[in-house]
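A.B. asks: In the working numbering, the protein residues as written are -2 to 377.
No residue lacks a Cβ here, since even glycine has one placed at the ideal position from N, Cα and C.
Dropping a structure here in structure tokens format, bear with me for questions.
Spelled out as structure tokens, the structure:
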């Protein structure tokens, strides 16, 4: 968690854009739910089972208030214009709400893109500032290729994994909460089943992802070694040619490249395993809901009507996509943590040559500079 916070602290200067992105995504989620739940009165009109409210109530930003007033005004349209006009009224309503949803989704995503680009820019600037202030002993111990790999490859990996997941975690949890609220309102029993499945899915995915971070760290280290070797070969290419060492270099590079490829094959195998598992769990959940909801309807207990059940399935189908996105986002973050650890070896490096707290600041040069008791030694 500390490693993740070391990157997320770059989010602080852009908190306003982040907040506006969350707000726009929340509004988009509300419009999405409203457009989906309109399938209920649509089916009610087709099968002549829609019940209309006799009078309107005071508007509140709550599901019951919206449902009641919509039924009231829909009933007025049916009485004054007929059922065909009422169906057109519903279709136009879905179109308007869908347009509004996509407008606010775009606004939310455009804001988080700006945040994402600026965070990566700030990380690179901080890395360069840190490297320029290092004492020379750091460069004698570290491979230049590995430093380049950290600044280019690892920063790119952080952008592709953790920073790109910001959009997922700023949008999809909001969608899930809004959808679950509506699902609770439609059927408490069915939604409790859904809530039981989510922790089970998270537990299974967590088991798969345990070794992902270790494998990724090994892979990123080998990538650093690859870049370092390539840099050494290019700098000393004349020596390689003069020594007729092309075969030896090719063999060493091939072994290193094979090891890197094998490590990342294992990483990606674990990563792509998340989608099939989440799809299987989602399918089992949907089939169970269809079976259990069908029993509730056939029992004629009045707990669930056919139109509400179809609307429930329509809303629940929208929960699956953000749930999968969060699963993929989790894997991306686990993979990106390995790159954060490598970047932190630069950002958190402690300088060995430090200035004394009582150092005298000289503002002008008058006579000369004299060195006394100056010693030099190689590191052990």
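According to the neighbour-count rule (16 or more other Cβ atoms, all chains shown, within 10 Å of its Cβ), is residue 79 buried or exposed?
C.D. replies: Taking the first residue of the chain shown as 1, we reach residue 79 at position 82. Counting Cβ neighbours within 10 Å, residue 79 comes out exposed, since fewer than 16 surround it.
A.B. asks: Going straight from the alpha carbon of residue 165 to that of residue 264, what length do you get?
C.D. replies: Counted from its first residue, the chain shown places residue 165 at position 168. Counted from its first residue, the chain shown places residue 264 at position 267. For residue 165 and residue 264, the distance between alpha carbons rounds to 21 Å.
A.B. asks: So residue 330 packs on residue 114, CB below 8 Å; how close in whole Å?
C.D. replies: Stepping through the chain shown from its first residue, residue 330 is reached at position 333. Stepping through the chain shown from its first residue, residue 114 is reached at position 117. That belief does not hold up - the Cβ atoms of residue 330 and residue 114 are roughly 19 Å apart, past 8 Å.
A.B. asks: Give every residue of the same chain whose Cβ lies closer than 8 Å to the Cβ of residue 11, excluding the five residues on either side of it in the sequence, and list them in chain order.
C.D. replies: For the purposes of this step, residue 11 is identified with residue 14 of the chain shown, where counting begins at 1. For residue 11, where only same-chain residues beyond five positions count, the Cβ hits under 8 Å are 111, 112, 115 and 116.
A.B. asks: So does the segment 309 to 318 actually touch the segment 133 to 151, counting three or more Cβ pairs closer than 8 Å?
C.D. replies: Judged by Cβ distances under 8 Å, the segment 309 to 318 makes no contact with the segment 133 to 151, as fewer than three pairs qualify.
A.B. asks: Go through the segment 266 to 352 residue by residue and report every complete run of the alpha helix (DSSP H) that reaches 4 residues or more, in order.
C.D. replies: Counting whole runs of 4 or more residues, the segment 266 to 352 contains the alpha helix (DSSP H) stretches 271 to 295 and 303 to 344.
A.B. asks: Measure the Cβ-Cβ separation of residue 25 and residue 173 and say whether it is below 8 Å.
C.D. replies: Within the chain shown, numbered from 1, the residue matching residue 25 stands at position 28. Within the chain shown, numbered from 1, the residue matching residue 173 stands at position 176. Result no, Cβ atoms of residue 25 and residue 173 do not sit closer than 8 Å.
A.B. asks: Can you give the Cα-Cα distance for residue 285 and residue 274, rounded to whole angstroms?
C.D. replies: Along the chain shown, one-based indexing puts residue 285 at 288. Along the chain shown, one-based indexing puts residue 274 at 277. Cα to Cα, residue 285 sits roughly 17 Å from residue 274.
A.B. asks: Would you kindly work out how many angstroms separate the C-alpha atoms of residue 288 and residue 18, rounded to a whole number?
C.D. replies: Residue mapping note: residue 288 aligns to position 291 of the chain shown, counting from 1. Residue mapping note: residue 18 aligns to position 21 of the chain shown, counting from 1. Computed Cα separation, rounded: 38 Å.
A.B. asks: Rounded C-beta distance between residue 340 and residue 151? I'm assuming under 8 Å.
C.D. replies: Position 343 of the chain shown, counted from the first residue, corresponds to residue 340. Position 154 of the chain shown, counted from the first residue, corresponds to residue 151. About 5 Å; that satisfies the 8 Å criterion.
A.B. asks: For residue 169, does the count of other Cβ atoms within 10 angstroms reach 16, so buried, or fall short, so exposed?
C.D. replies: Taking the first residue of the chain shown as 1, we reach residue 169 at position 172. So residue 169 counts as buried.
A.B. asks: Using the C-alpha atoms, what's the distance from residue 128 back to residue 375?
C.D. replies: Taking the first residue of the chain shown as 1, we reach residue 375 at position 378. Taking the first residue of the chain shown as 1, we reach residue 128 at position 131. About 21 Å.
A.B. asks: Tell me the rounded alpha-carbon separation between residue 98 and residue 28.
C.D. replies: Along the chain shown, one-based indexing puts residue 98 at 101. Along the chain shown, one-based indexing puts residue 28 at 31. For residue 98 and residue 28, the distance between alpha carbons rounds to 5 Å.
A.B. asks: What three-state label does DSSP hand residue 374 in the structure shown?
C.D. replies: Numbered from 1 along the chain shown, position 377 holds the residue referred to as residue 374. Correct three-state label for residue 374: coil.
A.B. asks: Please name the residue in 143, 8 and 32 whose C-alpha comes closest to that of residue 88.
C.D. replies: Locating residue 88 in the chain shown gives position 91, counting from the first residue. Considering only alpha carbons, the answer is 32.
A.B. asks: Quick one: Cα of residue 250 to Cα of residue 223, how far?
C.D. replies: The residue you call residue 250 lines up with position 253 of the chain shown. The residue you call residue 223 lines up with position 226 of the chain shown. So the two alpha carbons sit approximately 7 Å from each other.
A.B. asks: Would you call the CB atoms of residue 228 and residue 237 closer than 8 Å?
C.D. replies: Numbered from its first residue, the chain shown carries residue 228 at position 231. Numbered from its first residue, the chain shown carries residue 237 at position 240. Cβ atoms of residue 228 and residue 237: not closer than 8 Å.
A.B. asks: Give the straight-line distance between the Cα atoms of residue 252 and residue 358, rounded to the nearest whole angstrom.
C.D. replies: For the purposes of this step, residue 252 is identified with residue 255 of the chain shown, where counting begins at 1. For the purposes of this step, residue 358 is identified with residue 361 of the chain shown, where counting begins at 1. Their Cα atoms are separated by approximately 54 Å.
A.B. asks: To the nearest whole angstrom, what separates the beta carbons of residue 246 and residue 232, a pair I think is in contact under 8 Å?
C.D. replies: For the purposes of this step, residue 246 is taken as the residue at position 249 of the chain shown. For the purposes of this step, residue 232 is taken as the residue at position 235 of the chain shown. That pair is no contact at about 13 Å.
A.B. asks: Can you give me the C-alpha to C-alpha distance between residue 143 and residue 348, rounded to a whole angstrom?
C.D. replies: Your numbering for residue 143 matches position 146 in the chain shown. Your numbering for residue 348 matches position 351 in the chain shown. Answer to the nearest angstrom: the Cα atoms are 19 Å apart.
A.B. asks: Below 8 Å on the Cβ atoms is my guess for residue 343 versus residue 147; work out the distance and round it to an integer in Å.
C.D. replies: By one-based count along the chain shown, residue 343 stands at place 346. By one-based count along the chain shown, residue 147 stands at place 150. Going by Cβ atoms, the distance from residue 343 to residue 147 rounds to 6 Å, so yes, they are a contact pair.
A.B. asks: Could you check which residue in 278, 15 and 145 has the C-alpha nearest to that of residue 225?
C.D. replies: Taking the chain shown and counting its residues from 1, one reaches residue 225 at position 228. Ranking the options by Cα distance to residue 225, first place goes to 145.
A.B. asks: Is residue 22 buried or exposed, if buried means 16 or more other CB atoms sit within 10 Å of its CB?
C.D. replies: By one-based count along the chain shown, residue 22 stands at place 25. By the 10 Å Cβ count, residue 22 comes out buried.
A.B. asks: Identify which residue in 81, 362 and 278 has its Cα closest to the Cα of residue 324.
C.D. replies: Residue numbering aside, residue 324 sits at position 327 when the chain shown is read from its first letter. Comparing Cα positions, the closest option is 278.
A.B. asks: Taking the alpha-carbon positions, what's the residue 90 to residue 81 distance?
C.D. replies: Numbered from its first residue, the chain shown carries residue 90 at position 93. Numbered from its first residue, the chain shown carries residue 81 at position 84. If you take the alpha carbons of residue 90 and residue 81, they lie about 14 Å apart.
A.B. asks: What is the DSSP secondary structure of residue 35, reduced to helix, strand or coil?
C.D. replies: The residue labelled residue 35 in the question sits at position 38 within the chain shown. Reduced to three states, the DSSP call for residue 35 is coil.
A.B. asks: For residue 14, tell me which candidate among 6, 2, 34 and 106 has the shortest Cα-Cα distance.
C.D. replies: Position 17 of the chain shown, counted from the first residue, corresponds to residue 14. Here the closest residue by C-alpha is 106.
A.B. asks: For residue 177, collect the residues of the same chain with a Cβ closer than 8 Å to its Cβ; drop the 5 residues on either side in sequence, then sort them by chain order.
C.D. replies: The sequence position of residue 177 within the chain shown is 180, counting from 1. Excluding residues within five positions, the ones whose Cβ falls inside 8 Å are 188, 191, 192 and 316.
A.B. asks: Thinking residue 184 and residue 295 are a contact (beta carbons under 8 Å), I'd like their distance in whole angstroms, please.
C.D. replies: As a first step, residue 184 is located in the chain shown; it is residue number 187 there, counting from the start. As a first step, residue 295 is located in the chain shown; it is residue number 298 there, counting from the start. Rounded, the Cβ-Cβ distance is 15 Å, inconsistent with contact.
A.B. asks: Indicate whether residue 308 and residue 162 have their beta-carbon atoms separated by less than 8 Å.
C.D. replies: Residue numbering aside, residue 308 sits at position 311 when the chain shown is read from its first letter. Residue numbering aside, residue 162 sits at position 165 when the chain shown is read from its first letter. Going by C-beta atoms, residue 308 is not nearer than 8 Å to residue 162.
A.B. asks: Could you round the C-beta distance between residue 175 and residue 4 to whole angstroms and report it? I think they count as a contact, below 8 Å.
C.D. replies: Your numbering for residue 175 matches position 178 in the chain shown. Your numbering for residue 4 matches position 7 in the chain shown. The Cβ separation is near 28 Å, so there is no contact.
A.B. asks: For residue 240, name the three-state secondary structure that DSSP assigns.
C.D. replies: Numbered from its first residue, the chain shown carries residue 240 at position 243. Here residue 240 sits in coil by DSSP.
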